[in-house]
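Engineer:
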Amino acid sequence: MKHTQSKLIRTQIPRTAEGEHASPMYLTSSFCFDNAEDMRAAFADETDVNIYSRFSNPNVQEFVDRLCILENAEAGFATATGMSAVFGSFMALLKKGDHLLSCDSVFGSTRTVVSKYLPKYGIDFSYISANATAAQWEAAITPQTKMIYLETPTNPGLEVIDIAMVSAIAKKHNIILNVDNCFATPIGQTPIDLGADLVIHSATKWIDGQGRVLGGAIVGRKDLIHEMYLFCRATGPSLSPFNAWVLSKSLETLEVRMERHCSNALFVAEKLEGHAKINFVKYPFLTSHPHYAIAKKQMKNGGGILCFEIKGGLEAGRHFLNHLKMLSLTANLGDTRSIASHPASTTHAKLSPAERDAVSISDGLIRISVGLEHKEDIVADILQALEA
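Heads up, the working numbering is the position in the sequence shown plus 1034, with the first residue counted as 1.
1) Look up Val1213 in the DSSP assignment and give the residues it is bridged to.
2) By the three-class DSSP mapping on this structure, what secondary structure does Ile1373 have?
3) For Leu1340, which of Ala1076, Phe1121, Pro1271 and His1295 has the nearest alpha-carbon?
4) Nearest to Leu1285 by alpha carbon, out of Ile1241, Leu1228 and Arg1255?
5) Could you name the residues that DSSP lists as bridge partners for Ser1362?
6) Using DSSP's beta-bridge definition, name the partner residues of Glu1343.
7) Closest Cβ-Cβ distance between Glu1407 and chain D: below 9 Å?
8) Measure the C-alpha to C-alpha separation of Ile1047 and Ser1087 and round it to an integer number of angstroms.
9) Enumerate in chain order the residues of its own chain whose CB-to-CB distance from Gly1245 is below 6 Å, with the five nearest sequence positions on each side excluded.
10) Are three or more beta carbon pairs between the stretch 1118-1138 and the stretch 1258-1267 nearer than 8 Å?
11) So, do the stretch 1121-1141 and the stretch 1175-1188 have three or more beta carbon pairs nearer to each other than 8 Å?
12) Could you name the residues of the same chain whose beta carbon sits closer than 6 Å to that of Asp1239, not counting the 5 residues immediately before and after it, in chain order?
13) Using the Cα positions of Lys1334 and Val1404, report the straight-line distance between them to the nearest angstrom.
14) Could you work out which residue in Ala1327, Pro1275 and Leu1417 is closest to Glu1307 when comparing CA atoms only?
15) From this set, Asn1277, Pro1275, Ile1162 and Met1292, which residue's C-alpha is nearest Ala1218's C-alpha?
16) Would you list the one or two residues that DSSP bridges to Cys1137?
17) Straight-line CA distance for Val1094 to Ala1278?
18) Enumerated in chain order, which unbroken segments of the beta strand (DSSP E) with a length of 3 residues or greater are wholly contained in the stretch 1224-1274?
19) Do you know how far the Cα of Leu1320 is from the Cα of Glu1304?
20) Tell me which residue opens and which closes the alpha helix (DSSP H) that Gly1124 is part of.
21) Measuring straight from C-alpha to C-alpha, what distance separates Thr1431 and Leu1348?
22) How many angstroms separate the CA atom of Asn1189 from the CA atom of Arg1049?
23) Beta-carbon within less than 8 Å of Thr1146's beta-carbon, same chain only, minus the 5 sequence neighbours each way: which residues are those?
24) When the distance is taken between beta carbons, is Gly1254 closer than 9 Å to Ala1109?
25) In three-state DSSP terms, what is Ala1107?
26) At the level of alpha carbons, what is the spacing between Phe1141 and Met1059?
27) How big is the Cα-Cα spacing for Asp1391 and Asp1082?
28) Could you please give me the residues that DSSP links to Ser1064 through a beta bridge?
29) Please work out which residues of its chain come closer than 7 Å, Cβ to Cβ, to His1382, disregarding the five sequence neighbours upstream and downstream, and give them in chain order.
30) Identify which residue in Lys1331, Ser1375 and Lys1330 has its Cα closest to the Cα of Arg1352.
31) Measure the Cβ-Cβ separation of Ile1195 and Cys1137 and say whether it is below 9 Å.
32) Select from Lys1316, Ile1234 and Ile1103 the residue whose C-alpha is nearest the C-alpha of Gly1249.
33) Apply the 10 Å Cβ neighbour rule to Arg1100 and answer buried if 16 or more other Cβ atoms are within range, or exposed otherwise.
34) Between the alpha carbons of Lys1359 and Val1413, how many angstroms are there, rounded?
35) Straight-line CA distance for Leu1420 to Lys1311?
36) Assign His1325 to one of two classes, buried (16 or more other C-beta atoms within 10 Å of its C-beta) or exposed (fewer than that).
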């Protein structure tokens, strides 16, 4: 097979004697052995067979294999949530005395892990602006820096970081480059092709695409993934077989879904740009985006998220949300249904005003996850809420 989409769809668990077309669910906690020697060999890692679903499971492996095809990765491991993939990548690969360099504009829970919990294990960190130049990135590296972590596009400010630029710096200093690719999805960009060593996903978002299940994954270099596997096998943030079954099926339609999400998002962004009650609209494929050139270079589409700043600050943002009629107010993104959120009072509320300002989260910032409703209906609901 020549094309990625065909390889993805045709990568499946081997059929059982029943001859099923869709992969069955392996809802089991453990797996049996024919004899004591086979069991001994399995636990000694002399054979690559399933032992226990905390370690591996056929449904989980099918999901991982399919995601590796999309991301052009050597190996992968799936976790219960996106945050368990983030935390696992830090704890499996960093140790006391190491330093993590992270872009400053990251998901609120990721920032909590980096700022609050990593220091408890003796792991140092520092933040760098998503707008930093190559010279600034290089200057931020210390002799103890072992990993660079970044989101691109960032959540929720939609800054776009030049992955190839950061990768060149990381390789020069023998540093692991770990990229959260949740917003773009592998349909929008493939960081490994741009030099990343690891790629993280909250599969709860666009990969599931319908707001049903939680899941996470990390893919990339085989040697690094093995360390991640050993850590997660011992600590237990495993993905459930049922969720893996759902997510694996969801990957089959990710490409066609993202085509509509992205075309809808661009349409909405263009319609909102210049509105009298909005200071600015940010979307990677708008020519007005400050990182438009980088986005066009490394992304195949602009993604399904846009943000804009309402004039009037915090109260105006809340007022806007309260007057939406169709869009959902929920702590998620990447759903078939469009979702609006107000980061300053929700996902990033624990940051100080100065910290929020540093990562482009103003009091009036609104994040829209553009769904699969008709694009005219999405725009109409946003416009009527603005007029209210």
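Beta carbons are placed, not taken as given, at the ideal position from N, Cα and C, and that holds for glycine. Being a predicted model, the structure only gives us computed values, none of them experimental.
Structural biologist: Well, looking at it:
1) Leu1184 and Val1233
2) strand
3) His1295
4) Ile1241
5) According to DSSP, Ser1362 bridges with Ile1373.
6) For Glu1343, the beta-bridge partners assigned by DSSP are Phe1314 and Leu1399.
7) Considering every chain present, this structure includes no chain D. It has just one protein chain.
8) 15 Å
9) Asn1366 and Asp1369
10) yes
11) yes
12) Checking the sequence shown, residue 1239 turns out to be Lys, not Asp. Here the set comprises Cys1216, Leu1367 and Gly1368.
13) Each residue's alpha carbon lies about 17 Å from the other.
14) Leu1417
15) Considering only Asn1277, Pro1275, Ile1162 and Met1292, the residue with the shortest C-alpha distance to Ala1218 is Met1292.
16) In the DSSP output, where bridge partners are listed per residue, Cys1137 has Ile1162.
17) 5 Å
18) Correct list: 1232-1236 and 1250-1254.
19) 7 Å
20) Position check: residue 1124 holds Phe in this sequence, whereas Gly was assumed. Per DSSP, Phe1124 belongs to the alpha helix (DSSP H) from Gly1116 to Leu1127.
21) The structure shown has nothing for residue 1431, since the chain only spans 1035 to 1422.
22) 40 Å
23) In chain order, Lys1384 place their CB closer than 8 Å to the CB of Thr1146, counting only its own chain and leaving out the 5 sequence neighbours on each side.
24) yes
25) coil
26) 32 Å
27) 50 Å
28) Tyr1086
29) These residues qualify, in order along the chain: Gly1142, Arg1390 and Ile1395.
30) Ser1375
31) yes
32) Ile1234
33) It is buried - the Cβ of Arg1100 has at least 16 other Cβ atoms within 10 Å.
34) 12 Å
35) 7 Å
36) buried
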